[in-house]
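Below is one structure, written out as structure tokens; comments come after it.
2 protein chains.
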Amino acid sequence: MSRAEPETTPQDDAARAGWLYYVGGMTQDQIATELGISRQRAQRLVTRAMAEGLIHVRLNHRLQSCLDLESELRNRFGLIRCRVMPSLGQGGDPVATVASAAAAELERFLRQSEPLVIALGTGRAMRGMVDALTPMAAMQHRIVSLIGNISPDGSASFFDVVMRIADKVRAPHYPMPVPVISPTPEENAAFHALPPVRRVVDLARNADVVFVGVGQMSEDAPLLTDGFFTRSELEEMWAAGAAGEVAGWVYDSSGSYLDVGTNRRTGGVPVAPGLARPAVGVAAGATKVNAIRAALKSRIINILITDETTATAVLSQS
Amino acid sequence: MSRAEPETTPQDDAARAGWLYYVGGMTQDQIATELGISRQRAQRLVTRAMAEGLIHVRLNHRLQSCLDLESELRNRFGLIRCRVMPSLGQGGDPVATVASAAAAELERFLRQSEPLVIALGTGRAMRGMVDALTPMAAMQHRIVSLIGNISPDGSASFFDVVMRIADKVRAPHYPMPVPVISPTPEENAAFHALPPVRRVVDLARNADVVFVGVGQMSEDAPLLTDGFFTRSELEEMWAAGAAGEVAGWVYDSSGSYLDVGTNRRTGGVPVAPGLARPAVGVAAGATKVNAIRAALKSRIINILITDETTATAVLSQS
DNA sequence: GAAATGAGTGAGCATTTAATCGCACTATGG
DNA sequence: CCATAGTGCGATTAAATGCTCACTCATTTC
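Quick note, the sequences are listed as chains Y and H, same order. Residue numbers for the first sequence follow the working numbering, beginning at 174 and rising by one. Residue numbers for the second sequence follow the working numbering, beginning at 174 and rising by one.
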């Protein structure tokens, strides 16, 4: 037979194979026959469709145990909303667990017709959320970064989250053109005095919705492993009672921002505690428990998206 | 034996197993270990999670060929919107193909905050759509049936679609308490004269959105196989040029309702052609091609959700 | 112009999954 | 109290899947 159309992209093929497999329930052999390709190729297309996120899988049932945890967290910390996903066991990646729920929460806001300013932090949780996001047209909103996008080595990888999300929803986006953490308070202030920076800062400060990850301040603190802190800075923060970090701003176990160390040189906008506007924290993992509890206490975040084991741990102590 | 927690339902277990399998990417063996059950049991739970619709799978990519068909259908028939899903090959069930897309379209309306009156027909396509619908709170809307729910044998199975959807979204619902087709025009008129019926009819007639399947009038007409038509009635309609049927009302190949046969005794509300409010037709399958084309011509429906082969066929003739 | 690189391909094989079967347990009605 | 139908379970076996490897072909690099 003759394939008249040469105009199918590889991704099209992958999507079609994945569709036939997951929705149509066909075997890879049948797909191979249907599309006139070898079984191996069909298998690769199916794998690829999943890997590239062309196929979305969602759980459509609320586990009773998760619902219980949600209501307890809501009551204990006075949250607007809370979402607890089932854990994936010790082998599983907590980020993957919460990513789809976080994406759903974000979509909830994106679907609103009145224009919103949506501020975002960075980190693995945010990255996972954006990857799980379904592309949709939501140009009415503005996406703004809370945190500087200039990293110590000069790379702009932190730019990624805001750029990727803005790309998926075709919304205007505002990266924060300052260093994540400047060498001196003066240099940080100099950046923030620049008019373009001030405009982004104002936008972020008055955002209608905030999405952030939550960083732990233990040995494996993201800010340390990613090279934004030195070890001595971390120890200085420990001495001051550091419990966690949101958007680069370090707070103690009661959820109050510290006035020492890097906090005097951090660029961008801290997430103000106790406000009424939605502030969504996306975080899961055993090491983050204390950081999450502290952020909830002062209501730096008032919506929490986490997994079952983390939720249990957050509630168990305190 | 001792069951320590009596507080996990079988469905909870199935959902958890399905989550671990599809989202966590774990093997059924790992799940069995994780949950402390046998492999076979894990496998049964996973299967069940899928069968009961606890796991939703969606395609997150638009195939170029489908996009092309969509824009051509939109232009040709002046549609508001059109959605073409990839076909599942000759073995596949067309209803399964379009169900998830139809559900997504319905959810689009359900998510709107201003209250809507949503009118629905019946049939396999509607049933599939409702099954694929994600449960969500949308109490602001009212769900009303376009078609009678009393079938010839007295059963109320047609009630199902409206009831199920209302159950899933917790919205008030209004079944149409009249026979689908009455034995005589007089009896039909008598039913429609009843005040409670009139209220439902008024609601349906002024609905903000309409969702319907499209029935073919060939040998395998749903109205015939489901026992609402006799064969002689079908032949009478053929003689008058019957091409298809929407919500029980039969129209010819130009999409005009006929004034013969059962149309004089059909209960409920016909979908008025050519209106501006969205009227979504959900239909796929080779036998429905003519019925779909006719419904599009007079714009009984102005949004179409179908599959690739059907879309191609609808466009090929005419 | 030749070698290197890298993505894509098909074959064979190990692992994982689905289907079938027989057995035990339970509820229901004689 | 026993018989019987129905349901769920584990073991076995057939099918399907995923993984590795050697190979090709096109493009790049020296």
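For glycine and all other residues, C-beta sits at the position ideal for the given N, C-alpha and C.
Own chain partners of glycine 441 of chain Y with C-beta closer than 6 Å, once the 5 adjacent residues on each side are dropped: In chain order, Leu319, Ile320, Gly321 and Met349 place their CB closer than 6 Å to the CB of glycine 441 of chain Y, counting only its own chain and leaving out the 5 sequence neighbours on each side.
Under 7 Å by beta carbon: chain Y residues contacting glutamate 207 of chain H: Near glutamate 207 of chain H (Cβ distances below 7 Å), the residues of chain Y are Gly262.
Contact with chain H by glycine 321 of chain Y, beta-carbon distance below 9 Å: Not closer than 9 Å to any Cβ of chain H, the Cβ of glycine 321 of chain Y fails to qualify, so no.
Cβ-Cβ separation, alanine 272 of chain Y to arginine 221 of chain Y (assumed contact under 8 Å), whole Å: For a cut-off of 8 Å, the C-beta gap from arginine 221 of chain Y to alanine 272 of chain Y is around 19 Å, too long to register as a contact.
Residue burial classification, glycine 421 of chain H (beta-carbon count within 10 angstroms, cutoff 16): Counting other Cβ atoms within 10 Å of its Cβ, glycine 421 of chain H reaches 16 or more and is therefore classed as buried.
Contact residues within the region 221-237 of chain H, judged by C-beta distance below 7 Å to chain Y: Answer in chain order: Gly226, Leu227, Ile228, His229, Val230, Arg231, Leu232, Asn233, His234, Leu236 and Gln237.
Residue-chain proximity (glutamine 411 of chain Y, chain H), Cβ-Cβ < 9 Å: Residue 411 of chain Y is actually tryptophan in this sequence, not glutamine. Closer than 9 Å: no.
Three CB pairs or more closer than 8 Å across the region 357-376 of chain H and the region 250-267 of chain H: No: fewer than three Cβ pairs fall under 8 Å.
Residue environment, arginine 189 of chain H, which counts as buried when at least 16 other CB atoms sit within 10 Å: It counts as buried.
Cutoff 8 Å; reference alanine 226 of chain H; Cβ partners in own chain excluding five residues on either side: In the sequence as presented, alanine is not what sits at residue 226 of chain H; that position holds glycine. So the qualifying residues of the chain are Asp304 and Ala305.
Beta carbon of glutamine 490 of chain H nearer than 9 Å to that of arginine 466 of chain H: Between glutamine 490 of chain H and arginine 466 of chain H, the C-beta spacing is below 9 Å.
Residue from Y:Leu448, Y:Gly262 and Y:Glu406 with nearest C-alpha to alanine 459 of chain Y: Closest option to alanine 459 of chain Y, Cα to Cα, is Y:Gly262.
Contacting residues, own chain, Cβ-Cβ under 8 Å from alanine 339 of chain H (five flanking each side not counted): Within its own chain, the residues whose Cβ lies closer than 8 Å to the Cβ of alanine 339 of chain H, once the five positions on either side in sequence are excluded, are Ile316, Pro345 and His346, listed in chain order.
Beta-carbon proximity of histidine 234 of chain H to glutamine 203 of chain Y, cut-off 9 Å: Going by C-beta atoms, histidine 234 of chain H is not nearer than 9 Å to glutamine 203 of chain Y.
Simplified DSSP state of histidine 365 of chain Y, which is helix, strand or coil: DSSP places histidine 365 of chain Y in helix when its eight states are reduced to three.
Extent of the continuous alpha helix (DSSP H) to which tryptophan 411 of chain H belongs: Unbroken alpha helix (DSSP H) run through tryptophan 411 of chain H: 404-412.
Within-9 Å CB hit, serine 244 of chain Y to chain H: No, because no Cβ of chain H sits closer than 9 Å to the Cβ of serine 244 of chain Y.
Buried versus exposed call for aspartate 480 of chain Y [16 or more other C-beta atoms within 10 Å across all chains shown]: That one is buried.
Straight-line gap, valine 423 of chain H to alanine 449 of chain H (C-alpha atoms, nearest Å): One C-alpha to the other measures close to 21 Å.
Which residues DSSP lists as bridging threonine 206 of chain H, in chain order: Answer by DSSP bridge pairing: none, since threonine 206 of chain H is not bridged.
Bridge-paired residues (DSSP) for threonine 439 of chain H: The partner list for threonine 439 of chain H (beta bridge, DSSP) reads H:Ile354.
Residue burial classification, methionine 309 of chain H (beta-carbon count within 10 angstroms, cutoff 16): By the neighbour-count rule (16 or more Cβ atoms within 10 Å), methionine 309 of chain H is not buried but exposed.
Residue burial classification, glycine 191 of chain H (beta-carbon count within 10 angstroms, cutoff 16): Glycine 191 of chain H should be labelled buried.
Three-way DSSP call (helix, strand, coil) for valine 373 of chain Y in this model: Correct three-state label for valine 373 of chain Y: helix.
Proximity test, Cβ basis, 9 Å: leucine 193 of chain H and chain Y: Yes - at least one Cβ of chain Y is within 9 Å of the one on leucine 193 of chain H.
Span of the alpha helix (DSSP H), counted from its first residue to its last, around valine 303 of chain Y: Going by DSSP, valine 303 of chain Y is part of the alpha helix (DSSP H) stretching over 297-305.
Aspartate 393 of chain H versus methionine 223 of chain H - alpha carbon distance: Distance between the alpha carbons of aspartate 393 of chain H and methionine 223 of chain H: 30 Å.
Proximity winner among Y:Ser244, Y:Ser355, Y:Arg300 and Y:Glu243, relative to aspartate 114 of chain Y (alpha-carbon distances): Nothing can be reported for residue 114 of chain Y: it is not among the residues displayed for chain Y, which extend from 174 to 491.
Three-state class that DSSP yields for alanine 177 of chain Y in the structure shown: Confidence in alanine 177 of chain Y is poor, its pLDDT being 37 and thus under 50, which makes the residue's placement too unreliable to answer from.
Host beta strand (DSSP E) of isoleucine 338 of chain H (start-end): For isoleucine 338 of chain H, there is no enclosing beta strand (DSSP E); the enclosing alpha helix (DSSP H) covers residues 333-342.
Cβ-Cβ distance between glycine 294 of chain Y and glycine 197 of chain Y below 9 Å: Contact: no.
Short Cβ contact (9 Å threshold) for valine 382 of chain H with alanine 311 of chain H: In this structure, alanine 311 of chain H does not lie closer than 9 Å to valine 382 of chain H by Cβ.
Listed by chain order, chain H residues near aspartate 185 of chain Y by CB distance under 7 Å: Neighbours of aspartate 185 of chain Y on chain H, chain order: Leu236 and Gln237.
Where the alpha helix (DSSP H) containing leucine 469 of chain Y begins and where it ends: 462-470 is the span of the alpha helix (DSSP H), which, as asked, contains leucine 469 of chain Y.
Chain H contact for valine 196 of chain Y (CB, 9 Å cutoff): Closer than 9 Å to some Cβ of chain H, the Cβ of valine 196 of chain Y qualifies, so yes.
Distance, arginine 297 of chain Y Cα to aspartate 399 of chain Y Cα: Aspartate 399 of chain Y and arginine 297 of chain Y: Cα-Cα distance of roughly 11 Å.
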